Amino acid sequence: MNPTWSRFNITSIVLGFAFLYLPIVLLVVFSFNESKLVTVWGGFSTKWYVSLFHNQGLMDATWVTARVAVISATVATVLGTLAALTLTRYTRFKGRTLFSGMVFAPLVMPEVITGLSLLLLFVAVGLDRGFVTVTLAHITLTMCFVAVVVQSRLITFDRSLEEAAMDLGAPPVKTFFQITLPVIMPAIVSGWMLAFTLSLDDLVIASFTSGPGATTLPMKIYSQVRLGVTPEINAACTILIAVVAVGVIIVSLANKRREVQRQRDEQAAQRG
24 MNPTWSRFNI TSIVLGFAFL YLPIVLLVVF SFNESKLVTV WGGFSTKWYV SLFHNQGLMD
84 ATWVTARVAV ISATVATVLG TLAALTLTRY TRFKGRTLFS GMVFAPLVMP EVITGLSLLL
144 LFVAVGLDRG FVTVTLAHIT LTMCFVAVVV QSRLITFDRS LEEAAMDLGA PPVKTFFQIT
204 LPVIMPAIVS GWMLAFTLSL DDLVIASFTS GPGATTLPMK IYSQVRLGVT PEINAACTIL
264 IAVVAVGVII VSLANKRREV QRQRDEQAAQ RG
């Protein structure tokens, strides 16, 4: 046996993956359970998915969560990209250390503190808690993750491409949109997906900043789980898993295709 693949290593990997993914597999399987008891298999059925789509409370929470996630991820991607550009391209400006600390603070700060701080801020400025406050809170939470992803790509970016474009007469704005942006686009898309997923998953911060009519799906699921898990919850979680998985696969395939196209263009340019 290969010493790098000893029985201990194989057992550790199997147990690790089982610990991570076996609960998810069981959740998906029992979402098709005929029985109302989530721990007793009563046969295959899709009735809980039909029941889920007739559950107005869960549907409203899903719609709120989707809108918050899309808006917050989009705004966070724009702000995070601008922050990454600032930290990468402008390394010597007054207050850079303070700016960097403020951008990346949510990465290390507990969500309870972030949620409580935002709640006190919204109360101080007289902003009623609801859809807007949840969206602003999620922008604050996810912007730093986008900045980290985009900054890591900008650090390895070849600045000579921009210099060559400007030497040929392209203005800085045109250079950014035609040279820099296409190159860093995979990182931007990855940052958007990360921000979208974090917004879908958030419970703590949304609990502090939400109000009437702005109950997110994690909050709705948590409130129902405290009274007992129902097959409808399993069905809702399975759909969330499927949506995220399909999104990740699509983005991965798109990034791979873009990378292959970029390599072909570079080879064609070298041959030319």
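Sequential numbering from 24 applies to the sequence shown in my numbering. Glycine is no exception: its CB is placed at the ideal position from the N, C-alpha and C atoms. Since the model is a prediction, treat every value here as computed from it, not as a measurement.
- The beta strand (DSSP E) runs lying completely inside the stretch 208-260 and spanning 3 residues or more number zero.
- Rounded to whole angstroms, the gap between the alpha carbons of glycine 153 and valine 91 is 11 Å.
- The criterion of a C-beta distance shorter than 9 Å is not satisfied by serine 74 and asparagine 56.
- Residue state for phenylalanine 180 is assigned as coil, using DSSP reduced to three classes.
- Going by beta carbons, valine 248 and isoleucine 256 fall inside the 9 Å limit.
- By the Cβ rule, the stretch 176-193 does not count as touching the stretch 118-138, because fewer than three pairs are nearer than 8 Å.
- Approximately 5 Å separates the beta-carbon atoms of alanine 237 and valine 157; this is inside 8 Å, confirming the contact.
- In the three-state reduction of the DSSP assignment, asparagine 278 falls in the helix class.
- In its chain, beyond the 5 residues on either side, Glu134, Val135, Gly138 have a beta carbon closer than 7 Å to the beta carbon of valine 227.
- For arginine 280, there are no CB contacts under 8 Å within the same chain when 5 residues up- and downstream are skipped.
- Under the three-state reduction of DSSP output, asparagine 32 falls in the helix class.
- Methionine 132 sits exposed, since fewer than 16 C-beta atoms from the chains shown fall within 10 Å of its C-beta.
- Inclusion of tryptophan 215 and valine 169 in the CB contact set at 9 Å is warranted, their separation being smaller than that value.
- When the five nearest sequence neighbours on each side are left out, the beta carbons in the same chain lying within less than 7 Å of the beta carbon of lysine 59 are those of Pro254, in order along the chain.
- In this structure, proline 241 lies away from threonine 109, with their beta-carbon atoms at least 9 Å apart.
- In the DSSP assignment, asparagine 56 is bridged to Phe67.
- When the alpha-carbon of serine 54 is set against those of Glu289, Ala291, Glu282, Thr261, the nearest one is in Thr261.
- Looking only at Thr220, Leu150, Val51, Asp181, the smallest Cα-Cα distance to arginine 112 is reached by Asp181.
- Take the alpha-carbon of alanine 229 and the one of alanine 147: they are about 18 Å apart.
- Within the stretch 114-139, no run of beta strand (DSSP E) reaches 3 residues while sitting entirely inside it.
- The alpha carbon of threonine 114 has as its nearest neighbour, out of Thr100, Leu177, Trp71, the alpha carbon of Leu177.
- The closest CA to that of tryptophan 64, considering only Tyr72, Lys70, Gly149, Val52, is found on Val52.
- Rounded to whole angstroms, threonine 104 and serine 29 show a C-alpha spacing of 44 Å.
- Excluding the 5 residues flanking it on each side, glutamine 174 has same chain C-beta neighbours closer than 7 Å at Ala107, Leu110, Thr111, in chain order.
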